[in-house]
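Following the working numbering, the numbering of the sequence shown begins with 4 at its first residue and continues without gaps.
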Amino acid sequence: MALVIREMSTTYGRSPGGYIWALAEPVGGIILMTAIFGLIARNPPLGTNFPLYFASGILPFMMYQTSANKVGTAIRYSKQLLAYPSVTYIDAIVARLVLTILTELTVALILLFVIVLAYGVHLNVNYTDCLRGVAMALCLGVGVGLVNCYLMSMFAIWQFIWSVANRPLFIISGVFFLLDPLPEKIRTLALYNPVAHPIMMVRRGLYDTYDAVYVSEIYVYMVSLVLGAIGMLLLHRYHRVIMDEGA
């Protein structure tokens, strides 16, 4: 709990605006994409409201991305505290993850509430499907983050490499478009991207006209489990080496 409070104060307490920046990023993305695509098409691929459609893609994507980034940098961020015997690397990872989950869920609820209120959108929300999509995004973020936590702690250049390699995911994960109507060969390749599945599941929860028949929860959880297990094994084996290098 102390680490969560420390994370909260250092991440959001030192910059002007604090938690406003957590809202500003998705809001800015939604406004920009609404303005661009509003000039191209009269209606989004689902429903009639562009902000809601883009929010349904951006929010689960950010849950994955933020949780992966926070878990990936947990040891580097809290290395000084890990010198205390009572603080372990698992404590540092869990603290960052807990705050990330609370923050991202709060941002998503506020943003969706504002969109519904501002545009008078009528939603028949399937909360179970929304939670399933959120759970997939967070589990995948944790799995990726654990592997990256080892790589970023051992190899400083990996953070830059991962940042560059991860950028195309925003385009190919279905934030802008639906994967369902794509040609079969392209869609099959796109579905190997596990980030696309939480986005489809959240959209199924928000749009009662969208079936998301290509979602595979088992695939996402298997990828998350394998990556998470590899990451934990590497951290358990080399966490002392990581700490000695930072001493």
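Glycine included, each C-beta is placed from N, C-alpha and C at the ideal position. Keep in mind it's a predicted model, so treat the numbers as computed, not measured.
Is it buried or exposed, residue i, if we count other Cβ atoms within 10 angstroms and call 16 or more buried?
i	result
Leu-35	exposed
His-125	exposed
Asp-214	exposed
Ala-58	buried
Ser-166	exposed
Ser-81	buried
Arg-45	exposed
His-200	buried
Glu-187	exposed
Gly-234	buried
Ser-12	exposed
Tyr-56	buried
Ala-159	exposed
Tyr-92	buried
Ile-174	exposed
Asn-127	exposed
Ile-118	buried
Ala-250	Low per-residue confidence applies at Ala-250: pLDDT is 46, beneath 50, and the placement is therefore not dependable enough to give any value.
Met-4	exposed
Val-216	exposed
Pro-88	exposed
Ala-140	buried
Cβ atoms of residue j and residue i: under 8 Å apart, would you say?
i	j	result
Ser-176	Asn-196	yes
Arg-170	Leu-182	no
Leu-6	Ala-86	no
Tyr-210	Gly-32	no
Leu-114	Pro-48	no
Gly-146	Leu-238	no
Gly-76	Phe-53	Note that residue 76 corresponds to Thr in the displayed sequence, not to Gly. No, they are not a contact pair.
Ile-245	Ile-78	yes
Glu-107	Met-66	yes
Ile-61	Val-178	yes
Tyr-241	Met-157	yes
Tyr-130	Gly-208	yes
Ala-71	Gly-144	yes
Thr-69	Thr-109	no
Leu-149	Leu-230	yes
Under a three-way DSSP split, which group does residue i fall into?
i	result
Arg-240	helix
Tyr-56	helix
Met-204	helix
Thr-131	helix
Arg-9	helix
Gly-41	helix
Asn-46	coil
Ala-250	Low per-residue confidence applies at Ala-250: pLDDT is 46, beneath 50, and the placement is therefore not dependable, though the value from the model is reported in the following sentence. Three-state DSSP puts Ala-250 in coil, outside helix and strand.
Leu-181	coil
Arg-170	coil
Ser-227	helix
Thr-51	coil
Tyr-153	helix
Ile-233	helix
Phe-158	coil
Tyr-195	coil
Pro-186	coil
Val-147	helix
Ala-27	helix
Met-65	helix
**beta strand (DSSP E) segments (min. 3 residues) lying fully within the segment 69-139** = none
**Request:** Spell out a yes or no on whether the segment 220-227 and the segment 128-147 are touching, meaning 3 or more CB-CB pairs, one atom from each, closer than 8 Å.
**Result:** yes
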